[in-house]
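Remarks on the structure that follows.
Residue numbers (my numbering): 169 to 290.
What follows is the structure, given as structure tokens:
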């Protein structure tokens, strides 16, 4: 009888340990996905900053503000199930905020290159 009870206790101990390990592995994959998404957003924002800085000379303050703007843009556009109407509103807001950060000469250079403006806002 003692052997049966001991065997039962050992089975319960191993069973609880096995379940804890499986849950931990599932939790690790869940935390890795947001990190991957943030990395993709930062990479896309850096690409937008590179495109803009090739055309327009930016100050440090403008760099900081525009990087944050492009990160926000890519986070918003990465949201699943966005309608075309909602995307259009986002594009208009991005263009408005982009032009509010730039000065008149920079806006003129950007407006003279509509392809670049579309890449930055879409």
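The C-beta atom is built at its ideal place from N, Cα and C for all residues, glycine as well. As the structure is a prediction and not an experimental result, all values here were calculated from the model.
Query raised in the report: residue 291: which of 220, 170 and 176 sits nearest, CA to CA?
Result: Given that the chain is displayed from residue 169 to residue 290, the structure contains no residue 291 and the question cannot be resolved.
Query raised in the report: How would you call residue 176, buried or exposed, if buried means at least 16 neighbouring beta carbons within 10 angstroms?
Result: Label assigned to residue 176: exposed.
Query raised in the report: In whole angstroms, what is the alpha-carbon distance linking residue 228 and residue 250?
Result: Linking residue 228 to residue 250 through their CA atoms gives a straight-line distance of about 33 Å.
Query raised in the report: Leaving out five residues before and five after residue 269 in sequence, what residues of the same chain have Cβ atoms less than 8 Å from its Cβ?
Result: Take residue 269, set aside five residues on each side of it, and the residues of its chain with a beta-carbon closer than 8 Å to its own are 230, 233, 234 and 237, in chain order.
Query raised in the report: Distance, Cα to Cα, residue 212 vs residue 253?
Result: For residue 212 and residue 253, the distance between alpha carbons rounds to 23 Å.
**Report entry** Cβ neighbour criterion (16 or more within 10 Å) applied to residue 216
**Finding:** By the 10 Å Cβ count, residue 216 comes out buried.
Query raised in the report: Could you give the C-beta distance for residue 224 and residue 277, rounded to a whole number, given that I count them as a contact under 8 Å?
Result: Contact between residue 224 and residue 277 is confirmed by a C-beta separation of about 5 Å, below the 8 Å threshold.
**Report entry** Host alpha helix (DSSP H) of residue 248 (start-end)
**Finding:** Annotation: residue 248 is outside any alpha helix (DSSP H) and is labelled neither H nor E by DSSP.
Query raised in the report: Whose C-alpha, out of 183, 170 and 226, is nearest the C-alpha of residue 274?
Result: Residue 226 is the option with its Cα nearest to residue 274.
Query raised in the report: Ends of the alpha helix (DSSP H) at residue 271?
Result: No alpha helix (DSSP H) holds residue 271; DSSP gives it neither H nor E.
**Report entry** Identity of the residue in 207, 288, 179 and 272 nearest residue 261 by Cα
**Finding:** Of the candidates 207, 288, 179 and 272, the one whose C-alpha sits nearest the C-alpha of residue 261 is 288.
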